[in-house]
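Numbering (this note's numbering), first residue to last: -2 to 551.
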């Protein structure tokens, strides 16, 4: 008998059989102290001692200690019961999570882990720095988040510059969508159905539950492995079969547990995501339509299936359930927003060479193969900007200005003016637009860029400092501010903001170097500014040391 605090392990040698029987008893059980039910094929294992000799290869096998066999078997006792949480039938009546998932990853740990991954994505180019696309995803995502009352954390939605079909939820509420998936969707409701699904993965803490399950699967494997180790000590002719069966069982247990959890999470995300999609006012049949399109694309694609299918396995049953849920809701046609069409057109304009992008939109307009005419003209203007055909681009924008007022059109018009050398026109267009749309990040970035190019760096700094006060964690704003201060020859401010940009980018060593440069060139800094920067530097250094310690531990 051996006590582990929460459990007591009873080891019995059975006289009638050459077996060791393990009983695991919870110490906090009732007075009858009934042993836990354990699978007999795992816990009735051949452990008869035998004398080892050198094998045919001349090597010497070490006899495992008795307690090693026992502890490997006992590992199963510490695997929490697989949480079969009740699935919500209504988004406002969500299932409560068990303690196992909270213990595996706390909300604070999830957020820190997510921030770390995002920093790595930015540093590696996996985070698309396109404010038009990210603003749209963020607006659409938060509309879906607001449709339910299950959100207890912040969310950030962003695009990944990757043509493959994928979307994913990171720890801490970060949700990424590949540009390839955005282009594959044929309606805004389809895209919303994907985001609703990913949001549910976050609100239901599926990552934390998966982390808990990984521990369970490991312990299950160790327990089955113990059978193999014990069997290797037996002189029985069947010991080889026992070993093979035990190893196969270990693999099967881990794989099956993973499959069960993946299926559970996907079905839960489908059901709750459906309620979220409906509450937000989108077309509820879109989920089944998009799933079907993904299945078809995988059948006819050469090579591997889309990434989204590998991480979100779509079964016939899932599609059928999605269709059945939609059939129980009265049909309502939902029009796509102009933002959806403009963003897809912008992403399409990035594909191929500039000439190929221009040809794509010219053909679409000539053949009338488009979902939205305004978006097709906008995409052509964007492609012409890439091709540096500024005169034609201006004509496209002029035509749009007569029919549609939109911040993305204002931003595109200002860009065309700025790149063609019409800085006064660009400043006027950006300035008017940013007053009309004060929260549009593309305009917030572009207006000071035009001012800097026009030699109005002080005006750019004044504007940027006001925006940083609103968005202190925006790295791109810090980068532009550093550039403006460089033009004004103010090195302390330049390097301080450049350091903040590197922190945002995930390059802490480079950030600390910039902070050091700022502190060495502090003639234009006040005592309070220097003290604040020194404190900021210490914070970044401590965070860097903590990450390095965590990496060593792992």
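Built from N, CA and C at the ideal position, the CB exists for glycine as well.
Source: prediction; values computed, not measured.
- Per DSSP, residue 537 is one residue of the alpha helix (DSSP H) stretching across 524 to 550.
- Cβ-Cβ separation between residue 424 and residue 447: approximately 5 Å, consistent with a contact (criterion under 8 Å).
- Less than 8 Å separates the beta-carbon of residue 374 from that of residue 393.
- Secondary structure remark: continuous alpha helix (DSSP H) runs of at least 4 residues inside the segment 434 to 515, in chain order: 438 to 450, 454 to 467, 472 to 484 and 488 to 502.
- Under the DSSP assignment, residue 280 falls outside any alpha helix (DSSP H); it carries neither an H nor an E label.
- The three-state secondary structure of residue 156, taken from DSSP, is strand.
- Put simply, the segment 189 to 201 touches the segment 132 to 140. At least three CB pairs are less than 8 Å apart.
- Around the beta carbon of residue 282, 16 or more other beta carbons lie within 10 angstroms, which makes this residue buried.
- Per the DSSP secondary-structure output, residue 376 pairs with nothing in a beta bridge.
- Inter-segment contact for the segment 341 to 359 and the segment 377 to 384 is present: three or more beta-carbon pairs are separated by less than 8 Å.
- Residue 174 sits in a strand when the DSSP states are folded into three classes.
- Taking each of 166, 184 and 179 in turn and checking the Cα distance to residue 201, the smallest one comes out for 166.
- Three or more Cβ pairs closer than 8 Å define a contact, and the segment 125 to 133 falls short of that threshold against the segment 509 to 527.
- In the structure shown, residue 342 adopts helical secondary structure according to DSSP, grouped into three states.
- Where residue 332 is concerned, there is no enclosing beta strand (DSSP E), because DSSP gives it neither an H nor an E.
- One thing to note: residue 152 has its Cβ within 8 Å of the Cβ of residue 170.
- Distance from the CA of residue 482 to the CA of residue 367, rounded to the nearest whole angstrom, comes to 45 Å.
- The closest CA to that of residue 501, considering only 105, 104, 122 and 106, is found on 122.
- Residues of the same chain with a CB within less than 7 Å of the CB of residue 537, apart from the 5 flanking positions on each side, are 500, 505, 508 and 509 in chain order.
- Following the DSSP letters along the chain, one finds residue 358 in no beta strand (DSSP E) but inside the alpha helix (DSSP H) bounded by residues 351 to 364.
- With at least 16 other beta carbons inside 10 angstroms of its own, residue 534 counts as buried.
- For residue 496 and residue 193, the gap between their C-alpha atoms comes out near 36 Å.
- Each residue's CA atom was taken as its position, placing residue 269 and residue 173 some 19 Å apart.
- Counting along the chain, residue 167 sits inside the beta strand (DSSP E) bounded by residues 164 to 167.
- Between the C-alpha atoms of residue 488 and residue 462 there is a straight-line separation of about 16 Å.
- By a beta-carbon distance limit of 8 Å, residue 443 contacts residue 411. Their separation comes to about 6 Å.
- Rounded to whole angstroms, residue 365 and residue 342 show a C-alpha spacing of 14 Å.
- With contacts defined as CB atoms closer than 8 Å, residue 273 and residue 162 fail to qualify as a contacting pair.
- Taken through DSSP and simplified to helix, strand or coil, residue 125 comes out as coil.
- Nearest in C-alpha terms to residue 145, of all of 275, 159 and 116, is 275.
- Straight through space, the alpha carbons of residue 150 and residue 333 are spaced by roughly 28 Å.
- Per DSSP, reduced to three states, the secondary structure at residue 367 is coil, with no helix or strand assignment.
- Separation of residue 472 and residue 421 (C-alpha to C-alpha, rounded to the nearest whole angstrom) is 27 Å.
- Taking residue 450 as reference, the option from 467, 426, 474 and 484 with the minimal CA-CA separation is 484.
- The continuous alpha helix (DSSP H) containing residue 198 extends over residues 185 to 200.
- DSSP places residue 131 in the helix class (H, G or I) of the three-state scheme.
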